[in-house]
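Enquirer: Start counting at 1 in the sequence shown, then tack on 1301, and there's your number in the numbering used here. Could you have a look at this structure, given as structure tokens, before my questions?
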Amino acid sequence: MITTFLPPDTPLLPCAGQWDLFFSPDGEGEVEAAARAAAARRVCAGCTLAPDCFAWAMKHDEAGTWAGTTEHDRRLIRRRQADRARYAARREAAA
Ligand code: SF4
């Protein structure tokens, strides 16, 4: 869950106990998912742990909203990172 990357003595997180906001319930529609993600992003916007939270979610391919990013957002970010790496490798090979 969201606290797995944190030491046990970490103060209470803004997202603590709000699982319904950060994880999609079965059968959730697109409109409800977008509204839920927007509300989760507002919570994350004030969190100082967002960089660590984001890094964890990217590394462990977590489900749910982490550091204001949804699974879909992180898939797009990963794809963009892979595209950039391929582009950089091609440029280096051509140099
Ligand atoms: S960035 Fe968001 S999901 Fe991550 S610890 Fe902070 S409030 Fe929780």
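Positions of the beta carbon are idealized from the N, C-alpha and C atoms, including for glycine.
(1) Would you mind sorting residue 1320 into buried or exposed? The rule is 16 or more other CB atoms within 10 Å of its CB.
(2) Report, in whole angstroms, the separation of the C-beta atoms of residue 1370 and residue 1323, which I expect to be a contact under 8 Å.
(3) The alpha helix (DSSP H) that contains residue 1357, what's its start and end?
(4) Quick check on residue 1302: does DSSP put it in helix, strand or coil?
(5) Between the C-alpha atoms of residue 1389 and residue 1382, what's the straight-line distance to the nearest angstrom?
(6) Report yes if the CB atom of residue 1339 is closer than 7 Å to the CB atom of residue 1351, and no otherwise.
(7) Who pairs with residue 1367 in a beta bridge, going by DSSP?
(8) In the DSSP assignment, find the alpha helix (DSSP H) that holds residue 1338 and state where it starts and stops.
(9) What residue from 1384, 1385, 1360, 1349 has the CA that sits closest to residue 1316's CA?
(10) Going by DSSP in three states, residue 1327 sits in which element: helix, strand or coil?
Expert: A quick look at the data gives this:
(1) exposed
(2) Not quite, the Cβ-Cβ distance comes to about 11 Å (not below 8 Å), so this is no contact.
(3) Residues 1351-1361.
(4) Residue placement at residue 1302 is flagged as unreliable, the pLDDT there being 48, under the threshold of 50; a coordinate-derived value is accordingly withheld.
(5) 10 Å
(6) no
(7) Answer by DSSP bridge pairing, in chain order: 1370.
(8) Counting along the chain, the alpha helix (DSSP H) containing residue 1338 begins and ends at 1331-1345.
(9) 1349
(10) It is coil, neither helix nor strand.
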